[in-house]
Every structure is written in structure tokens, then in C-alpha cells.
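Numbering (this note's numbering), first residue to last: 132 to 931.
Here is the structure:
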């Protein structure tokens, strides 16, 4: 696995491996439960048959309605609904005599419910359903192989009869429908024909040779309408002539000129021509010709003016000719004025004759109009009478048409029914759906219970339950699982991972074969006794982090080493770290500020003497309290006699003075203090330090405890250097963490060098200052102190 693997990914394998016993136990329980389940189940046999439901549609083009009773292949769900219907299942029970088996219930209803519950239909393969065919596999499970086979075969046979009978019933229903329709139409048709015969005998209509009804008054009305239309046309024409003559008389003053205009406007004035010839006999030829020509030109000019625009060529030519004619006529009139007086008499006579002629013509037209109006009135009267008689016969005509339509409709329907009844009996019509049994049901085969399936299911359930319990158990421990989780949760860097070290007894056995160079120092200081061990290398890495450059001063001169809980190995780490720095030619002082459970004097084999307690009380000087160890450049300031007020002793200003004096004489001062969460001693010392190292051993509740410890140090505004993870892989709680450390940094922390000898609980810390007679009051107040009896002290039995 790579270095980017998350802690949660690593913890899965670690949790399962750590709880492998629980998981294995539950898997075995699951296997046992699966076998028990297998022994409790009854044998089950399954019988199956494969059928094909298809539609065979044959087009005979006979036009029969029955031919159109075609069916497409039903779907699997439709087949299942039909096959499990009460009709089919009852038929299957009768066909297979299924109630005769001992394993089946005698009650038909109960047997139907049993078959419907255990009968299964499924497609034997993908694509088994199409438009014209559907393939179905029918199976049934029972405790008896023979019963399963009999039920499947009986159901398939009953379904086959149901499908075939359904199409026959459909055809019979259609035929019955046509037959009933034909029988109901015949009486109605006979009754209708009798009514029609009686109607014809009484109706006032006439019938032609084709038997069609005739209304005699309708033809008379048509003829009268045509005559009336002709008379009205003549009347309109005569009235138009009268309007033309009135307009001519209104516009003119000369009767002869008016007569000439009427002659040109009306084409059928034959009487005017005769009188006109008599009048023209006395008129000079030249003047008459010009006047006649002038009249004609005016009429043409007026006609063209109504038809063409002013600039039309024909109109322009007529107007020019009219002007020339008028000019010639005026010259003739001038000449005529000089003629004799009898000429005037002739003109007056001609004008009078023209007037008489016009009066006679108008009178004749009016008489014609009067006669035509009388004919129109008479024709209208006769037409009204004929129409009334024709309307009275229209009701009989409509009733006759209704009889004919109804008779024709009944005859057409009757003929259609007769035709369908004849075609329904043809043998070539479609036979509908067919059921083909591709594979009948054989003897049922065993399908359950299966031992392997029961064991696999039981083992799987045991595995799932074991994994769930393992994760629940692991989650409740509240411990760290990887270095990244420590850094993220605490917000601090990890200075080193220290592997498990051997106990002193094992170290003595290992080193008994050779003389030790440090006989006074305990074998737990592996940096001196086993400088090439992995643990010694880990301490050298911490030393490297403390010095910015080779041979230079450390970044932190006064360092406190503490832990959240007792037993994390902080005192042993202090001894080994100090020895590692001393071997780099640095003067190092260990101050054992654990006044409740001091260990440094025992580790380095020195006499406790007055120690730190004596310095605080001013009993000895700083140089006399320092004890040199058998390791070069390494010195120890023991704790001295145990006081009954350790917390107050470390809060005295003399403790700060001791640190200031030590800064001037040593390159590095390492202070060993009690755990942070057990007593307040470590918190009192932390404010004097350049930096604090927190030692942590991966355990059950280490996560909340370590958060409380670091929070406490941050509240004191202390510079926390980092975390030292001790004894990686020494217990089940740190198995996952050990694996994560190996995956992230490579290799496995050494397990042949161990340590765990100097462990003590928090209760020992609280009880350590009880029954002590020494009280620390400071250098200037020690002389005035009074003796204190046993068990009485400033700390009140170590509380503080």
C-alpha cells in the first residue's frame, strides 16, 4: 500500500485481524446454524414442463367476421393469470384426479390455493416472448416427486383445453349473434312491407311504371312558375321602354328630334318608321340628311362616352366628326332662314306629326303593360292554389320514401347476416391460439434443502455479524489508528515512533555474555547498552530535531517530558534521550521533578542524597546536588526525599532559580514530571519550560485522554514540541496503529528490544505523598519551619 492510504482504509484490516477470534467464532456458529437449518427442512421436489403458446392466422379472404377473430400470442403475465384462474385449476384437478393423492388436500378450494401458491411460470431464456408465440416453463414444487409431476401435466393439459375452447366459444358467440339478429329482423321486415302495401292503396299519389311515387300537382306548379317568369320578363321590358321615352322627352324640346332619339334607342318601333317617311317627304334632302347624320353621331358619341375614356381614339374621331357635322348643319340653317315663309310651316307640321306619333306609341305600350299585369295576377292565383295541393301530397311522398329506405336497410342487414352465417361454417377459418407441449413434465427432482447452500449462508451471516461486532467493539475503544490521525486530531507533529523494548530481565540475559561499559546504569537505557538497536536510532532522530545545526546549541534548552496517563514510559524516554544527547558531546542534566514517584536515581544507580527537595529548601548548593552518572557528559539532579507537598514545591520561585543556574552550566536540561491528568505537578512546571514533549502509548481510551492533556497545555500557553509514540505494537490496541506506521514509514518497529518494567497507576501518584515528613517551603523559609507530624502536610494527603 502507498503512503497516501487513509487511516480508515488501514483500520479495516487491522480491526478484522484484531478481532479475528470473535469473527471466527461467529462464522463457526453460523456454519452450525446453517447445518441445523438444513436438518430441519423437509425435502422439496420440483417438476417442470415447457410449453409454446402460438397464434396460427390464415387469411382466406372470405370477408367473414369470424376470420378476423385472430389472437396474438399472450404475454407471460397473461398466461400466468389464465393458468392460475379457478376455471383452469378446477379442470386440472378433474383431469389429473389430484384430490386422490394422499399429499394433497381433499378440499378443492384448498387444493386450488396450494397449486396457485407453488405454481411458477417463467421464460426459459431471453427473447422467449414475441408477437406470434410465447414460450413458458411451468414448474411446481412439492414434498412428493409424483405429485409435482401430476400437477404440472394436469395444469398444462387443462390450459390447452381452455385455450382451444375459448376460440370455439368466441366463434359460437359470433354465429349466435348473427342468427339472433337475422331472426329478429325477419318479422320486422314482413310487418314493414305490409304497412307499405296498405299505404300505397290509400295515398293520393300516382305511380309510374317503375313503381316510383309521382305528385301530379308538382308538374303543374312548375309549368305555372315558368309562365309567370315569362310574363314578368315582358312587363319589365315594356316598363324599361317607358322610362327611356320619359328621359328623352325630359331632356329635349323638339318632338321630331325626340322621335329620332327614340327610334335609335328602341329597335322594335315599326309604327314610327311609316309616319316618319310621310314627314320626311316635305323636308329638304340636304338638311334632313345632315340632321339625320347629326342625330346618329350624337347617339354614338354618348354611347362611346359611357364605354371609353376621353382620350380613346374612337371617341376622339366621333367627336371631331360631330363637330364638323354640326358646323355644316348651322350653315344650312343660315341658308334656310332666307327661304320663303312656307318653309316654317312645313317644320311646324313635321314637329306636330312627331308629337302625335310619340303619344300613340306610349299609349300602346301602357295597354300592353296593363294586359300583362292582369295575366301575372291570374297566374299567381293559380300557382298558389296548385302549390297548396302539392304541399298536401309532400307528407305522403316523405312517408313513401321512409318506407322504401327502411325496407332497403332491413333487406341489406338481413342479406349480410345470411352471408356471415354461410361463411362461418367454412373449415378454413382461423382456429385461434394453439398450445404445444415442447417438454412434458418428468419425475420431480430434488431441489432442497442443499447442505452447501445452508452452510454458505450460515457462514456468511456469521461473518457479517462478526465484522459488525468487531467494528462496534473497536469503535467503542476510542483509540488512535494511524500517525495521520494523531497529527490531525491533536494538531501536533510526531517526533518519533519508539518500538517495543525488552524488559530488564531479558536485557540482562542478552548482555550477560559480555561486560557492560555502564555498570551503574540500568539496562533499560538502550542508547548506552544497545546503541545499534532500532529504539536507540529512534532517540537519535529526536536528538537531531532538537539541534538545528551540528555542534550548535539546541533549539530548546529546557525541555519537559510528560504524558497524559501513568505507564506511558516517559521516565525511560527521558533517560534514553538524555544519554543520546550526551553521547553527542553535549552536557546534559536530568532533573527528576517527579517528586511523587521518582525513578531517575534508580535508573542511573546514583544515591538520591538531598536532591531537588534539598535545593528548594536551601539545604545544599546546586553543585553539591548534581550527581554525575557513569555516562560521560550526563548528570542527574535526583528528586531527593519525597515531600508531602509536591505540587506546592514545584511552584516555588526557587525552582525557577535552579533552572536559571542550570542553563549556565549545561547545554540541555530535561525535566521528568508526573502525568498531566493524574496530578497538577506537570502543569506547574510547564510554565518554566522552553518546550514540552508529550509521551503517548496507544491504548483503549488514549484519544480523549491525549486531547485533554494537549488542551490543558495550550491553556497554559506552553510551547508543545511534539508527540512521542512509545511502545508501538506492544498490545492489541496498537496493532492497527503499528500496521499504519509500517505502511507510512517503511519497516516494522523492532520487537526484540522491549520495555515495560516501570509502570505504575494513577492511584500510586495520589498516594505517593502520604505519610511523608518532609515539607518543602523554600530556601528562605526552611529555617522558620516547624516540625510536622506524620501524615500532616501542606498538600493534604497529596491532593493538589
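Even for Gly, the Cβ is constructed at its ideal location relative to N, Cα and C. These figures come from a predicted structure and were not determined experimentally.
Report the CB separation of residue 695 from residue 845 in whole angstroms; it is logged as a contact under 8 Å. One-based indexing of the chain shown puts residue 695 at position 564. One-based indexing of the chain shown puts residue 845 at position 714. Between residue 845 and residue 695 the Cβ distance is about 14 Å, and since that is not below 8 Å, they are no contact.
Euclidean distance between Cα positions of residue 710 and residue 630: Translated into positions along the chain shown, residue 710 becomes position 579. Translated into positions along the chain shown, residue 630 becomes position 499. Approximately 18 Å, taken between the alpha carbons.
Where DSSP assigns a beta bridge to residue 576, which residues make up the other side? Position 445 of the chain shown holds residue 576. 177.
Measure the C-alpha to C-alpha separation of residue 520 and residue 348 and round it to an integer number of angstroms. Start at 1 with the first residue of the chain shown, and residue 520 comes out as number 389. Start at 1 with the first residue of the chain shown, and residue 348 comes out as number 217. Taking the straight line joining both Cα atoms gives about 7 Å.
Mind checking residue 848: buried by the 16 CB within 10 Å criterion, or exposed? As a first step, residue 848 must be located in the chain shown, where it is residue number 717. The residue is exposed, with fewer than 16 neighbouring Cβ atoms inside 10 Å.
Classify residue 749 as helix, strand or coil using the three-state DSSP reduction. Here residue 749 is taken as the residue at index 618 of the chain shown, counted from 1. It is coil, neither helix nor strand.
Do you know offhand how far residue 512's Cα is from residue 432's? The count along the chain shown starts at 1 and reaches residue 512 at position 381. The count along the chain shown starts at 1 and reaches residue 432 at position 301. Their backbone Cα atoms lie some 47 Å apart in a straight line.
Beta-carbon separation of residue 176 and residue 575 under 8 Å? Looking up residue 176 in the chain shown gives position 45. Looking up residue 575 in the chain shown gives position 444. The answer is yes: Cβ separation under 8 Å.
Would you call the segment 812-832 and the segment 777-785 in contact, with 3 or more CB pairs under 8 Å? yes
Over what stretch of residues does the beta strand (DSSP E) that includes residue 765 continue unbroken? One-based indexing of the chain shown puts residue 765 at position 634. Here the beta strand (DSSP E) through residue 765 covers 765-768.
Please classify residue 150: is it buried, with 16 or more other beta-carbons within 10 angstroms of its beta-carbon, or exposed? The residue labelled residue 150 in the question sits at position 19 within the chain shown. By the neighbour-count criterion, in which a residue is buried when 16 or more other Cβ atoms sit within 10 angstroms of its Cβ, residue 150 is buried.
Write down the C-beta distance between residue 274 and residue 174 rounded to the nearest angstrom, noting that I regard them as a contact closer than 8 Å. Your numbering for residue 274 matches position 143 in the chain shown. Your numbering for residue 174 matches position 43 in the chain shown. The Cβ separation is near 6 Å, so the contact holds.
Return the bridge partner residues of residue 627 from the DSSP annotation. Translated into the one-based positions of the chain shown, residue 627 becomes position 496. 855.
Whole angstroms are fine: how far does the CA of residue 449 sit from the CA of residue 455? For the purposes of this step, residue 455 is identified with residue 324 of the chain shown, where counting begins at 1. For the purposes of this step, residue 449 is identified with residue 318 of the chain shown, where counting begins at 1. Each residue's Cα considered, the two are about 10 Å apart.
Under three-state DSSP, which class holds residue 373? As a working mapping, residue 373 is identified with position 242 in the chain shown. Residue 373: helix per DSSP, three-state reduction.
Quick check on the burial criterion: 16 or more other C-beta atoms within 10 angstroms. Buried or exposed for residue 716? Against the chain shown, residue 716 aligns to sequence position 585. So residue 716 ends up on the exposed side.
Pairs of beta-carbons, one from the segment 210-223 and one from the segment 590-606, closer than 8 Å: are there three or more? no
Tell me which residue opens and which closes the alpha helix (DSSP H) that residue 154 is part of. As a position in the chain shown, residue 154 is number 23, starting the count at 1. Per DSSP, residue 154 belongs to the alpha helix (DSSP H) from 151-171.
Work out the CA separation of residue 610 and residue 160 for me, nearest whole Å. As a position in the chain shown, residue 160 is number 29, starting the count at 1. As a position in the chain shown, residue 610 is number 479, starting the count at 1. Straight-line Cα distance between these residues: approximately 29 Å.
Cut-off 6 Å between Cβ atoms - residues of its own chain near residue 220, not counting five sequence neighbours on either side: Within the chain shown, residue 220 is the residue found at index 89, counting from 1. The residues are 243, 246.
Can you tell me whether residue 275 is helix, strand or coil according to DSSP? What you label residue 275 is simply residue 144 of the chain shown in a count that begins at 1. Correct three-state label for residue 275: coil.
Just to confirm the assignment, what range does the alpha helix (DSSP H) spanning residue 660 have? The residue labelled residue 660 in the question sits at position 529 within the chain shown. First-last of the alpha helix (DSSP H) with residue 660: 657-660.
My output table needs one value for residue 722: the three-state DSSP class, helix, strand or coil. Position 591 of the chain shown, counted from the start, is the residue given in the question as residue 722. In the structure shown, residue 722 sits in a strand (DSSP, three-state: E or B).
Helix, strand or coil at residue 849 according to DSSP, with G and I counted as helix: As a working note, residue 849 is residue 718 in the chain shown. Correct three-state label for residue 849: coil.
Along the beta strand (DSSP E) that carries residue 828, what are the first and last residues, could you check? Translated into the one-based positions of the chain shown, residue 828 becomes position 697. Residue 828 -> beta strand (DSSP E) spans 822-828.
Option in 731, 674, 585, 180 with minimal Cα separation from residue 653: For the purposes of this step, residue 653 is taken as the residue at position 522 of the chain shown. Looking at the Cα atoms, 731 is the closest of the given residues.
Other residues of its chain near residue 672: CB distance less than 6 Å, five sequence neighbours each side excluded: Counting from 1 along the chain shown, the entry for residue 672 is found at position 541. Non-local C-beta neighbours of residue 672 in its own chain, meaning closer than 6 Å and more than five positions away in sequence, comprise 627, ordered along the chain.
Just to confirm, are residue 808 and residue 800 a CB contact at a threshold of 8 Å? Residue mapping note: residue 808 aligns to position 677 of the chain shown, counting from 1. Residue mapping note: residue 800 aligns to position 669 of the chain shown, counting from 1. Taking 8 Å as the Cβ cut-off, residue 808 and residue 800 do not qualify as a contacting pair.
What did DSSP end up calling residue 803 once you bin it into helix, strand or coil? For the purposes of this step, residue 803 is identified with residue 672 of the chain shown, where counting begins at 1. In the structure shown, the three-state DSSP call for residue 803 is strand.
What are the start and end residues of the alpha helix (DSSP H) that includes residue 247? Reading the chain shown from its first residue, position 116 is the one you call residue 247. 239-249 is the span of the alpha helix (DSSP H), which, as asked, contains residue 247.
In this structure, how does DSSP classify residue 691 when only helix, strand and coil are distinguished? Counting from 1 along the chain shown, the entry for residue 691 is found at position 560. Strand.
Which complete beta strand (DSSP E) runs does the segment 275-355 hold, if anything under 3 residues is left out? none
How long is the line joining the alpha carbons of residue 561 and residue 324, rounded to whole angstroms? As a working note, residue 561 is residue 430 in the chain shown. As a working note, residue 324 is residue 193 in the chain shown. For residue 561, the predicted structure reports a pLDDT of 49, less than 50, and the residue's modelled location is therefore unreliable. A value from the coordinates is still provided. Cα to Cα, the separation comes out at about 39 Å.
Given a threshold of 16 other Cβ atoms within 10 Å of its Cβ, counted over all protein chains shown, does residue 155 qualify as buried or as exposed? On the chain shown, position 24 is the one that residue 155 refers to. Exposed, since its Cβ has fewer than 16 Cβ neighbours within 10 Å.
Extent of the continuous alpha helix (DSSP H) to which residue 712 belongs: One-based indexing of the chain shown puts residue 712 at position 581. Residues 701-713.
If we ignore side chains and look at the alpha-carbon of each, how far apart do residue 687 and residue 600 end up? Within the chain shown, the letter at position 556 stands for residue 687. Within the chain shown, the letter at position 469 stands for residue 600. If you take the alpha carbons of residue 687 and residue 600, they lie about 47 Å apart.
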